[in-house]
Structure formats: structure tokens, C-alpha cells
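K.L.:
In my numbering, the protein residues as written are 72 to 206.
Have a look at this one.
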């Protein structure tokens with residue numbers, strides 16, 4: 072059973088963004104499976120690094136679309152992305168230095184953040200971008 076399942080209510084109605092969100096869900100499931108498969112911290116760190124890199128690419132894509140179309144809440148959205156990026160980067164540093172261990176609480180934090188971010192924050196830009204012809 073997957074740790075997180077893609078749900079129709081996660082769809083922002085923009086296929087390229089929905090595909091990226093689905094990939095993030097898939098990567099969270101890979102992280103969870105690696106944790107429960109007993110993989111070592113190095114392997115978990117590698118999965119987390121891949122997830123962080125994909126998030127950075129996804130955030131840049133969202134921000135590019137919002138900039139291109141003049142989304143009025145761009146600054147606030149970028150700040151949310153920056154805070155999440157800093158949090159994940161700090162977590163990865165703590166894992167590498169041995170200050171922290173990969174745990175279920177990390178996966179839960181990432182899952183909760185992603186689902187809330189999609190359903191609350193990303194849903195705000197959806198009508199605006201779709202109104203600008205983004206699909």
C-alpha cells in the first residue's frame with residue numbers, strides 16, 4: 072500500500088503541474104518504501120536529495136508560470152517555496168552530519184506539507200493561470 076495516494080482533489084487542473092505533483096507523490100512513496108525496506112541512511116539521503124532536486128525544479132516551473140502571467144500573489148508563493156527549500160536543505164545537512172536520522176516524522180512532515188501546499192496554496196493560483204490560458 073502506498074504511503075500517499077494521488078487524489079482527484081490534488082489536481083490544480085493544469086496538466087503539466089499535476090504531472091509534477093504526481094511525480095512528487097511518487098517520490099515520497101519511494102522515500103517511505105526505502106525507510107521501511109531498511110535501507111541505510113546513505114540510501115535514504117540519496118532518495119531525499121533526489122526529492123529535493125525535483126522540488127526545486129518544480130518550484131522554479133511554478134514560479135516561471137506565475138511570473139510570465141503576472142500572478143499577483145507571486146511573492147508570497149515564492150516565500151513559501153523558499154522556506155520549504157531551506158527546511159529540506161537543513162534536514163539534508165543534519166542527516167549528512169549525523170545530527171538527525173531519517174524517521175517516519177520526516178516522511179510525515181513532507182507528506183503533510185505537500186498535500187496542504189497543493190490543496191491550499193497551489194489551488195489559489197489555479198483559476199488565475201487557467202484564466203490566462205495555461206493548461
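Note that the Cβ used here is the ideal one computed from N, Cα and C, for glycine as well.
Kindly list the residues whose CB is nearer than 7 Å to the CB of residue 138, restricted to its own chain and excluding five residues on each side of it in sequence; keep chain order.
P.N.:
So the qualifying residues of the chain are 145.
K.L.:
Mind checking residue 175: buried by the 16 CB within 10 Å criterion, or exposed?
P.N.:
Exposed is the call here.
K.L.:
By how many angstroms is the C-alpha of residue 147 removed from the C-alpha of residue 172?
P.N.:
Those two C-alpha atoms are separated by around 31 Å.
K.L.:
Which residues in the same chain have their Cβ closer than 7 Å to the Cβ of residue 89, if we skip the five residues on either side of it in sequence?
P.N.:
Cβ neighbours of residue 89 beyond the five flanking positions: 82, 83.
K.L.:
Enumerate in chain order the residues of its own chain whose CB-to-CB distance from residue 99 is below 8 Å, with the five nearest sequence positions on each side excluded.
P.N.:
Once the five neighbours on either side are set aside, the close Cβ partners of residue 99 are 74, 75, 122, 178, 181, 182, 185.
K.L.:
Would you decide whether residue 131 is buried or exposed? Buried here means 16 or more other CB atoms lie within 10 Å of its CB.
P.N.:
Exposed, by the Cβ-count rule.
K.L.:
So, are the CB atoms of residue 125 and residue 94 less than 8 Å apart?
P.N.:
Yes, Cβ-Cβ distance for residue 125 and residue 94 is below 8 Å.
K.L.:
Is it the case that the Cβ atoms of residue 190 and residue 80 are separated by a distance below 8 Å?
P.N.:
Yes, Cβ-Cβ distance for residue 190 and residue 80 is below 8 Å.
K.L.:
When you compare each of 86, 201, 92 to residue 187 by their alpha carbons, which one comes out closest?
P.N.:
It is 92 whose Cα lies nearest to the Cα of residue 187.
K.L.:
For residue 127 and residue 162, what's the separation of their Cα atoms in angstroms?
P.N.:
Each residue's Cα considered, the two are about 15 Å apart.
K.L.:
For a minimum of 4 consecutive residues, which ranges assigned as the alpha helix (DSSP H) are wholly contained in the region 109 to 147?
P.N.:
Fully enclosed alpha helix (DSSP H) runs of 4 or longer: 112 to 139.
K.L.:
Excluding the 5 residues preceding and the 5 following residue 116 in the sequence, name in chain order all residues of the same chain whose CB lies nearer than 8 Å to its CB.
P.N.:
The answer, listed in chain order, is 163, 166, 167, 173.
K.L.:
Less than 8 Å separating the beta-carbons of residue 140 and residue 203?
P.N.:
Taking 8 Å as the Cβ cut-off, residue 140 and residue 203 qualify as a contacting pair.
K.L.:
Go to residue 205, then tell me how far its alpha helix (DSSP H) extends in each direction, as first and last residue.
P.N.:
First-last for residue 205: undefined, no H or E at that position.
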